[in-house]
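Okay, structure first, notes after.
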Amino acid sequence: MSLSFTYTSYVEVYPSLLFFITGCVCMCLDYSKPAWWKPMLSESKIVPIKTQFTVLPTVCMNILQYWILTFILDYNYIQIRETLSLNYTIYNFIFRLGILMSFVFIWTYFVHRGIHHPSIYSYVHKKHHEFQHPFGFESLYSHPLENFLMNYIPHIVGYFLFDINEAVIIAIYSYVITILTHCGHEWSWSHYIFSSDHDVHHEKFNYNYGFGMPWMDKLMGTHKPRQGSVSFY
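The opening residue of the sequence shown carries number 864 in the working numbering; numbering runs sequentially from there.
Rendered as structure tokens:
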């Protein structure tokens, strides 16, 4: 049990704590407005802080879902996961991480686009779109089924088919990037690691389904850059 909890801590608990820290920082920056901070949304579109706090119960339940599922699966399949781990070298680490990241981009794009289908949207994805102008913590404000398909499946694949190192990187990237794409702000360096155009998706619905970088949207013809944004890819 202790070994299982150790793995669960690395893959889910610690990255999720980083998620909350990042969310609190974004929330503070919404209202402190330092001169060096560049918001994408006008001040009139920033969601009031009291409203932002209303999503936290759902967000916490979704993160708890991660912890419980990972702990249960890990406890039952830890020996299988260990046998699937390859000899660790920097080369196969980079190779496997590239494969896993590609899977995440492809999987989340098609799942996200699929739950926008009219026959599914109102039952599953509508909850996430309650806010036309997204904010950090709203990134995990979603239906449990959406949370499982969009967010947890990549963690399962990374954890049980790859090495613990790749799984931790995917978990950190997932938690942090999802909150940064929803926070309504951008950085001069942000275009190198994620797209800042996700707010367009919440306004227009039919664009920018991809997670992280906009490669899948550009490939599938659904990319719509935010007006005035700068693209480095």
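All C-beta atoms in this analysis are idealised placements derived from N, C-alpha and C, irrespective of residue type, glycine included.
Inset, instruction - Compare the Cα-Cα distances from residue 876 to each of 1031, 895 and 977 and report the closest residue. - result: 1031
Legend entry - Test item: CB-CB of residue 1061 and residue 1085 under 8 Å: In this structure, residue 1085 does not lie closer than 8 Å to residue 1061 by Cβ.
Legend entry - Proximity of residue 1009 and residue 996 at Cβ, strictly below 8 Å: no
Legend entry - Proximity to residue 851 [Cα-Cα], best of 994, 956 and 987: Given a span of 864 to 1096 for the chain in the structure shown, any question on residue 851 remains unanswerable.
Inset, instruction - Take the Cβ of residue 866 as the centre, count every other Cβ of all protein chains shown within 10 Å, and call the residue buried at 16 or more, exposed below. - result: With a pLDDT of 46 at residue 866, under the threshold of 50, the predicted position of this residue should be treated as unreliable, and no value is reported.
Legend entry - Reference residue 879, options 933, 968, 984 and 1083, closest by Cα: 933
Legend entry - Element boundaries [alpha helix (DSSP H), containing residue 976]: Element bounds for residue 976: 953-977.
Inset, instruction - Whole angstroms is fine: what's the gap from residue 890's alpha carbon to residue 916's? - result: The straight-line gap separating the alpha-carbon atoms of residue 890 and residue 916 is approximately 10 Å.
Inset, instruction - Report the residue from 975, 885 and 1048 whose alpha carbon sits nearest the alpha carbon of residue 1069. - result: 975
Legend entry - CB-CB length for residue 1079 against residue 972, believed under 8 Å: 4 Å
Legend entry - Backbone CA spacing between residue 1036 and residue 982 [nearest angstrom]: 31 Å
Inset, instruction - Could you tell me if residue 986 is buried or exposed, where buried requires 16 or more neighbouring beta carbons within 10 angstroms of its beta carbon? - result: By the neighbour-count rule (16 or more Cβ atoms within 10 Å), residue 986 is not buried but exposed.
Legend entry - Through-space distance from residue 886 to residue 1065, alpha-carbon basis: 19 Å
Inset, instruction - Could you round the C-beta distance between residue 921 and residue 1004 to whole angstroms and report it? I think they count as a contact, below 8 Å. - result: 5 Å
Inset, instruction - Write down the C-beta distance between residue 1020 and residue 966 rounded to the nearest angstrom, noting that I regard them as a contact closer than 8 Å. - result: 6 Å
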